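> Just so you know, we're using the UniProt record's numbering here: the sequence shown kicks off at 1 and counts up by one.
Think of the CB as a built atom: it goes at the ideal place given N, C-alpha and C, for glycine as much as any other residue.
For clarity, every value in this text was computed on a predicted model and none was experimentally measured.
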Amino acid sequence: MQLDYEWFKKKVLEYVGINLSYYKEKQMKRRIESLMKKNGYETFADYYNALTKDQKLFNEFINYLTINVSEFYRNPQQWEILEKEIMPYILKRTKRPKIWSAACSTGEEPYSIVMLLTRFFPLSEIKILATDIDDDAIRKAKEGVYMKKSLEGLPQEFVRRFFKENGELYYISDEIKRCVEFKHHDLLKDPYPKDIDLIVCRNVLIYFTEEAKDMVYRNFNKSLVMNGILFVGSTEQIIMPQKYGLKPIKTFFYEKVMNI
1 MQLDYEWFKK
11 KVLEYVGINL
21 SYYKEKQMKR
31 RIESLMKKNG
41 YETFADYYNA
51 LTKDQKLFNE
61 FINYLTINVS
71 EFYRNPQQWE
81 ILEKEIMPYI
91 LKRTKRPKIW
101 SAACSTGEEP
111 YSIVMLLTRF
121 FPLSEIKILA
131 TDIDDDAIRK
141 AKEGVYMKKS
151 LEGLPQEFVR
161 RFFKENGELY
171 YISDEIKRCV
181 EFKHHDLLKD
191 PYPKDIDLIV
201 CRNVLIYFTE
211 EAKDMVYRNF
221 NKSLVMNGIL
231 FVGSTEQIIM
241 PQKYGLKPIK
251 TFFYEKVMNI
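1) Would you mind stating whether residue 11 and residue 20 have Cβ atoms separated by less than 7 Å?
2) Helix, strand or coil, according to DSSP, for residue 61 in the structure here?
3) Using DSSP's beta-bridge definition, name the partner residues of residue 132.
4) In the structure shown, what three-state DSSP assignment does residue 246 receive?
5) Could you tell me how far apart the beta carbons of residue 179 and residue 123 are, in whole angstroms, since I believe they sit closer than 8 Å?
6) Is it true that the CB of residue 228 sits closer than 7 Å to the CB of residue 197?
7) By the 10 Å Cβ neighbour count, where 16 or more other Cβ atoms means buried, how is residue 88 classified, buried or exposed?
8) Hey, how far is the Cα of residue 257 from the Cα of residue 246?
9) Assuming residue 249 and residue 220 make a contact with CB atoms under 8 Å, what is their CB distance in whole Å?
10) Who does residue 170 pair with in a DSSP beta bridge?
11) Is there at least one non-hydrogen atom of the ligand ZN closer than 6 Å to the beta-carbon of residue 64?
12) If you follow the alpha helix (DSSP H) that residue 219 is in, where does it begin and where does it stop?
13) Does the Cβ of residue 40 have 16 or more other Cβ atoms within 10 Å, making it buried, or fewer, making it exposed?
14) With residue 114 as the anchor, note down where its alpha helix (DSSP H) starts and where it stops.
15) If you follow the alpha helix (DSSP H) that residue 206 is in, where does it begin and where does it stop?
16) Would you kindly check if the distance between the Cβ of residue 5 and the Cβ of residue 29 is under 7 Å?
17) In the DSSP assignment, the beta strand (DSSP E) including residue 199 goes from what residue to what residue?
18) Could you please give the first and the last residue of the uninterrupted beta strand (DSSP E) stretch that includes residue 101?
19) If you run the structure through DSSP and keep just helix, strand and coil, what is residue 138?
20) Straight-line CA distance for residue 190 to residue 236?
21) For a test of the three-state rule: what should DSSP assign to residue 239, helix, strand or coil?
22) Can you list, in chain order, the residues of its chain whose CB lies under 7 Å from that of residue 148, leaving out five sequence neighbours each side?
23) Nearest to residue 202 by alpha carbon, out of 49, 107 and 53?
24) Distance, Cα to Cα, residue 159 vs residue 82?
25) Taking residue 32 as the reference, give the member of 60, 55, 74 and 15 with the closest Cα.
26) Give the DSSP bridge partners of residue 231, in chain order.
27) Excluding the 5 residues preceding and the 5 following residue 217 in the sequence, name in chain order all residues of the same chain whose CB lies nearer than 7 Å to its CB.
28) Using the three-state DSSP reduction, which class does residue 28 fall into: helix, strand or coil?
Right under this line is the structure:
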């Protein structure tokens, strides 16, 4: 079975360009095996062959692989720190911050950033970059339709101002959507944007190997301006951040203090 999985990883890399070796093997293999079982495949070879012929199966695999679990204002207390302390700190240095929501999934995170920024700027002046490896997730993000449950942590004033309710579905306003530029991006192989003041990348790197994390953190350092900020997820505190030219300034927030 292990040889079978090694072959599968190689074929997926050739076919889609996703390197499964950068993901924690035990977790990823277990996820894929459960997906195979659900679809009635017993071997990785049979499953791979089916993926190359069935678009629906392929889309399900990519979506499952990239773990699209998201919500607005996830861990609200951290968003409060971002609003009350981090953004004012950034705005002392620049009045036009460049912000990147990396691995943005289905859009809850970048749209949360835009709504938070309305406390500092008029909507007409807000533009942020949001990227993800999963084109289907980006498509959903651009549609901007969400279940009520994903809005539970969002301040009620934002729900009232920026959403239209229809039963259990909430439609985000076009004026918020226009503030986000969505792009396809693979953190493990694509070039990173430059001169970024704030990178928000949360609850993604927990699935990566130490080698992959090391590469991503180094690339984040190169992507940030000096004194730029990296905002990570609540299970992703960076061990030895100085190795990456970063300094913790609040729990889950790191400032770039040197080039590496």
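By the coordinates alone:
1) In this structure, residue 20 does not lie closer than 7 Å to residue 11 by Cβ.
2) helix
3) 184
4) strand
5) That belief holds up - the Cβ atoms of residue 179 and residue 123 are roughly 6 Å apart, short of 8 Å.
6) yes
7) exposed
8) Rounded to whole angstroms, the gap between the alpha carbons of residue 257 and residue 246 is 6 Å.
9) Going by Cβ atoms, the distance from residue 249 to residue 220 rounds to 15 Å, so no, they are not a contact pair.
10) 146 and 165
11) By its list of ligands, the structure shown contains no ligand whatsoever, and the ligand ZN lies outside what it can speak to.
12) Taken as a continuous stretch (DSSP letters only), the alpha helix (DSSP H) holding residue 219 covers 210-223.
13) exposed
14) 108-117
15) It is not in any alpha helix (DSSP H) - residue 206 carries neither H nor E in the DSSP assignment.
16) yes
17) 196-201
18) Boundaries of the beta strand (DSSP E) harbouring residue 101: 99-101, taken from the DSSP string.
19) helix
20) For residue 190 and residue 236, the distance between alpha carbons rounds to 22 Å.
21) Residue state, collapsed to three classes: coil.
22) 168 and 170
23) 107
24) Distance between the alpha carbons of residue 159 and residue 82 is about 19 Å.
25) 60
26) 200 and 253
27) 238 and 244
28) In the structure shown, residue 28 sits in a helix (DSSP, three-state: H, G or I).
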